[in-house]
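Trainee: Residues in the sequence shown are numbered consecutively from 1, following this note's numbering. Here's a structure for you.
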Amino acid sequence: MRVAILASGNGSNFEALAHQFQAGLLPGELIFVFSDHHNAYVLERARRLNVCAFSFEVKEFANKAAYEKALLQLLQEQEIDLIVLAGYMRIIGQTLLSHYSNRILNIHPSLLPSFPGLHGIKDAYEYGVKVTGVTVHLVDDGVDTGPIIAQEPVMILPEDSLESLEEKIHQTEHRLYPKVLRDVLLQSDKNKSKGE
Ligand code: GRF
């Protein structure tokens, strides 16, 4: 299975996954990382880890559909089987969804369906819930709404600050995402050999 990671910013999840690919712990190949921002820190991490990287920005195209068409072309040229979103801050449009239906994974920093959207950690912290967590799910045409594949809870303790909670969530993400991706890749390999 040929995998591409899409990320918009920091890229700590990308790095956690790249380490696992490079250590031979994931049954697939990380082909490239793509960012929709030329100056995203994830691209710096990719250089450091020797992972092939591409970037282009929506503003370089006539509209969002044209941007997504170019992205689809890149994915197809590189024969990507599975797309892994890791902090990719755009809604996936129909162009990508129709070609990669059930083949796009996302990670979200809350226990969905609670606290979807851009500020999953902060929203849970400010609401005052005692348990939040991390969700890995398939992407559909909603915002953080696709079928859930895995979840892991994270306790919010009285002494937690927003910063300490963020730290715990990210640590959980970096452990959970590779584990789930491994299962998804193994399952896809099985399906492939059965001809599904
Ligand atoms: C993560 O919290 C992820 O759950 C969310 O965006 C954040 C990306 O962090 N979708 P990073 O760029 O991987 O450090």
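Note that the Cβ used here is the ideal one computed from N, Cα and C, for glycine as well.
1. Please specify which runs of the alpha helix (DSSP H), each continuous and at least 4 residues long, are wholly inside the region 48-121, giving them in chain order.
2. Touch check for the region 111-119 and the region 163-180: three-plus C-beta pairs under 8 Å?
3. With hydrogens ignored, establish whether the beta-carbon of Y87 is closer than 8 Å to any heavy atom of the ligand GRF.
4. Per DSSP, which one or two residues make a beta bridge with T135?
5. Quick check: does the Cβ of G28 come within less than 8 Å of any heavy atom belonging to the ligand GRF?
6. Of all the options N191, N10, K190 and A124, which has the alpha carbon lying nearest to the alpha carbon of L85?
7. I want to check one thing, is the minimum distance from the CB of E173 to the heavy atoms of the ligand GRF below 8 Å?
8. Given that a residue counts as buried once 16 or more other Cβ atoms are within 10 Å of its Cβ, and exposed if not, what is E68?
Mentor: Reading off the structure:
1. 64-77 and 94-99
2. no
3. Note that residue 87 is Gly in the sequence shown, not Tyr. Answer for G87: yes, Cβ within range of the ligand GRF.
4. H108 and Q151
5. no
6. N10
7. yes
8. buried
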